[in-house]
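Engineer: In the working numbering, the protein residues as written are 11 to 143. Glycine is no exception: its CB is placed at the ideal position from the N, C-alpha and C atoms.
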Amino acid sequence: MNPSDTKVVMLRRLALSTALLAALAPVLVSTAPASALGPGVERGPGEVCFWTQPGQHGTGWCYKPPGYADLPESHHDKTASFRSDVNKNLYAIDWTRDTCYSRLIRAYEFSDNWSWGSRIDGISDKTEGCQAA
């Protein structure tokens, strides 16, 4: 093999190595922890997140104030734990046939085994005119 053939082989190997490294870079460089919320869902600052299983496991869903949001069907009356990273009080809302109830969620509060999660229908930064539970 002559010197110019050796250079071509080395350049090809270098190009392949560079392409492989570029493809793997997002996996190798990522320092973000794996999301406890499930595929495609990440908890961010200023959000309260709810999980379908105790200990912040299972399917997760997050809300960022302001305003009111209905919980998705996966969490409606089926929320087992939550964590608030919001620097203000929020309200879990339970809609009933004749009225509604609100449960205060304090700033940075969390529960790994939340009994009120069997009632939650929505979340808001206001009481929505509901009675305190």
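Figure out for me which residue from S84, C140, E138 and P75 has the closest Cα to the Cα of K98.
Structural biologist: The shortest C-alpha separation from K98 is found at P75.
Engineer: Kindly indicate which three-state DSSP category G132 falls into: helix, strand or coil?
Structural biologist: Strand at G132.
Engineer: Note down, in chain order, each residue of its chain lying with its Cβ closer than 7 Å to the Cβ of Q66, except the 5 sequence neighbours on either side.
Structural biologist: Only A46, S91, R93 and D122 meet the Cβ criterion.
Engineer: Can the beta-carbon of G68 be found less than 8 Å from the beta-carbon of W61?
Structural biologist: The answer is yes: Cβ separation under 8 Å.
Engineer: Mark T106 as exposed unless 16 or more other C-beta atoms lie within 10 angstroms of its C-beta, in which case mark it buried.
Structural biologist: Counting Cβ neighbours within 10 Å, T106 comes out exposed, since fewer than 16 surround it.
Engineer: Which one or two residues does DSSP pair with Q141 in a beta bridge?
Structural biologist: Q141 is bridged to Y111.
Engineer: Of the residues S84, E57, C72 and Y73, which one's Cα is nearest the Cα of S128?
Structural biologist: Ranking S84, E57, C72 and Y73 by Cα distance to S128 puts S84 first.
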